[in-house]
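Structure first, commentary second.
In our numbering, the protein residues as written are 99 to 1083.
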């Protein structure tokens, strides 16, 4: 009677636990679904209608309710026929339900995204698996058949089924594309059925041989060892199981079954030496595979082995999964981010292999420990049944199931944390998959049924040995559970910042390797407004009114020098959005956001707002004047359109500081409209040839991508070299001419040098006169007099001209040297170099080079190119005469402005990059039009070597004709605009 009362009490406790579980099911259905809907709305994802989502959650709750109800009914029915010697484990089924509820919450709340749309939660499918398992469990609980005896009779059919399954998988099995595994037979994964069948088969096989295995052992080195004739077959079975790796191509089931066999062999033999040998063999196997992963074959197993050793930097396709799982674990902390707050998109395999990571991210270490307690309760409950059951077969079935659950738990968690290779086996009671859920619920019910069938009526030595082994495994289970809890808690809490801040080297579909960063930190970073880029007066050049949006007020007046952000095309070195990226985004790495992961949503939003509001720390201020930049670009576009020339480039400098006020190129793209990126990514060859060609929108035509033959502008370099060499007072004859015009030649030359076609001899000009009339004959002879050294010495002194640090103007006496001296030959430059050259002449020889980034507070360097500024008098006078009675005399100076200039007309044949613009390589084409000048207010005494308020300007119009016909008029218009804006006053 007393035992019957205990049975009733135990049953009532179980039923009360079932009732509590029902309440939790419906609470989860409401809360998890509401959280899912709120999170999806916050993320701005397209999603099924709310009614559809809530309807699916309602169905899921009904399935769970039916499953729990079926279990409750089965327990009531089975209680009536329960043995008086029943082994009471009232926590067993409630623990299975509790573990399942954690999985239910994960499947209800986790957001999966496909093509920008949130998929319907998978809670209903998960609950269906639970219901199927509950029905199977109910059948096991109420069937009148003695299940242990039935298993003994079905031993041979069970073995045939197991062999048939492995054979079918080896022959016709399949797996996900590219994985190399053979774990599926059509839509089924029969390997899940193999696990309990293997436990039952080994139980009845070992049970029949228990006395022989138990007594035929010896003690060596303090350990119990089976006799050799018994251990060799056992090791042979272990080797055969390992060989299954090559049959099905998946490490998980093989490792799991090997450990189950190992544990069950220990249960029946209590041979501790066997455990040592078997574990050593498994360790050697893992060591060999770790050292030579290719031995495992290609595909998933090899990837997992490499990923195990190098979770962060393996660079393999799909080799990022372990690292992403570790990120998710670290994101959980103690209490998790909350239901539905796992990172989006979900961790790869976030509802299968890495579902523990998904659970921890949402429920934290607390949720993990709750899950571990539930599993430990199942394992200890099964071992409790095993340690009191009345036959060897029953002990081994219950103990085998305990070992199966324990090993599967430990192996999958260790794989998730990178302590073992990922195996692909399911996480008990949590992973998606109806078959695995049904199997685990059914196995738990089988243990409960064995307990209900009763314990041994009388003790025996044989049973005592088996029961003692079960108790020994219980001790091991507790130790492993504690280590598992410590490992999980450490990963989720103590090491979370270190883990969260790491990057993963991933391989893209095209083979490119990039570093991917934690999406939880990336999301925070993307919420941060990008700092503005301002001009010298605080006017915006690039702004982000909200995170993720970028506005460029000047449009195509300042495109390639800024570059769009964000950009799907890697920006060039001159794009300021790339140059100042760290400054503009406000962080050097994502580590700045790590402390925010420790906060709840409200505290995190508050802390983030403080970071976001500090725009001043993320602001970049340039030397540019947005007004002048916009106007100069507008004028340049008009000229290019009217004259039908391919391009123009302009730089305007403040002479006093060397800072750039305007830096314009036409054509240029509008960073507000980065539609060109799709054509670049599509590798549109004709488009790319023009876009990236000599006059395309992409190259920086004001810098190294805009190098042009200088024409007569280069005579200023020669003049400066002559001043430094003491030859500025030289005169040369310009009297000989032919049909082309004035000329000069030497006997060894293949042809003479000429002045501009149609020009007349200039007599014997001095330097100033030669500059005014742009006499090639004069400067050719001056170059020959100077020789190559003064040119290179000027370059060494800091003057930038040409492509590199070395300038080779030509050998002494060569025609090439003479050509370089008047602007051909080696004399090539861009408008930035030309503007700095003119700026130095306007500043008394002080050459100023400010950073190419045009940062307003950037440090500029200065070099005195001449010892005495007055030595520049011939050059200054010559440049003024250009505008008074020289090559620029027909240009109209802006009112109130005095200009000192040099025109340039650079004859050059077609070159690489011009083909898309209709100019073939080596084809004759119009010359490049150059104009360089410095300007001052007319109130300054004329001819002053230095003066305040001067501007320097350089303009090139490729294929624009003479310097005074295209570049000169444009320069005058820009100087007039500068005057209107308050400069030159």
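Even for Gly, the Cβ is constructed at its ideal location relative to N, Cα and C.
Treat the numbers as computed from the prediction; the structure is a model and nothing was measured.
- When DSSP states are grouped into helix, strand and coil, residue 914 belongs to the helix group.
- Rounded to the nearest whole angstrom, the CA to CA distance from residue 974 to residue 863 is 16 Å.
- By the Cβ rule, the region 186-195 does not count as touching the region 253-261, because fewer than three pairs are nearer than 8 Å.
- Residue environment: residue 901 is assigned as exposed (fewer than 16 neighbouring CB atoms within 10 Å of its CB, all protein chains considered).
- The three-state reading of DSSP puts residue 1015 in helix, counting H, G and I together.
- Rounded to whole angstroms, the Cβ separation of residue 647 and residue 470 is 45 Å, and the two are not in contact under 8 Å.
- According to DSSP, residue pairing for residue 1000 in a beta bridge involves 1030.
- In this structure, DSSP gives residue 842 an extended state, which the three-state scheme calls strand.
- Shown here, residue 793 sits in coil according to DSSP, grouped into three states, outside any helix or strand.
- By the 16-neighbour rule on beta-carbons within 10 angstroms, residue 728 is buried.
- Bridge partners of residue 962 according to DSSP: 944.
- Beyond the five residues adjoining it in sequence on each side, residue 421 comes within less than 6 Å, by CB distance, of 409, 410, 602 in the same chain, given in chain order.
- For residue 541, the secondary structure class from DSSP, reduced to helix, strand or coil, is helix.
- Its chain contains 926, 928 as the residues whose beta carbon lies nearer than 6 Å to that of residue 805, once the 5 sequence neighbours on both sides are disregarded; these appear in chain order.
- Residue 353 counts as buried, since no fewer than 16 other beta carbons sit within 10 angstroms of its beta carbon.
- Residue 1035 carries a strand assignment under DSSP once its states are collapsed to helix, strand and coil.
- Counting the other CB atoms within 10 Å of its CB gives residue 159 a total of 16 or more, which places it among the buried residues.
- In this chain, residue 640 is not harboured by any alpha helix (DSSP H); it is covered by the beta strand (DSSP E) spanning 638-640.
- Boundaries for residue 753: no beta strand (DSSP E) harbours it, and the DSSP string shows neither H nor E there.
- Shown here, residue 953 sits in a strand according to DSSP, grouped into three states.
- Exposure of residue 270 is indicated by the presence of fewer than 16 other C-beta atoms within 10 angstroms of its C-beta.
- For residue 737, the enclosing alpha helix (DSSP H) stretches over residues 724-741.
- Rounded to the nearest angstrom, the gap between the Cα atoms of residue 360 and residue 532 is 28 Å.
- Counted as a single uninterrupted DSSP element, the alpha helix (DSSP H) harbouring residue 238 occupies residues 221-240.
- Non-local C-beta neighbours of residue 302 in its own chain, meaning closer than 7 Å and more than five positions away in sequence, comprise 249, 250, 253, 491, ordered along the chain.
- The Cβ atoms of residue 208 and residue 228 lie no closer than 8 Å to each other.
- In the displayed model, residue 931 falls within a helix according to three-state DSSP.
- Residue 437 is not a Cβ neighbour of residue 571, given a cutoff of 8 Å.
- For residue 601, the enclosing beta strand (DSSP E) begins and ends at 601-605.
- Residue 526 and residue 707 have their C-alpha atoms spaced approximately 41 Å apart.
- For residue 761, the enclosing beta strand (DSSP E) has its first and last residue at 758-764.
- Taking a C-beta distance under 8 Å as the contact criterion, residue 542 and residue 495 do not qualify as a contact pair.
- DSSP, read as helix, strand or coil, puts residue 1048 in coil.
- Between the C-alpha atoms of residue 784 and residue 796 there is a straight-line separation of about 14 Å.
- The Cβ-Cβ distance between residue 943 and residue 919 does not fall below 8 Å.
- Nearest C-alpha to residue 224 among 829, 203, 976: 203.
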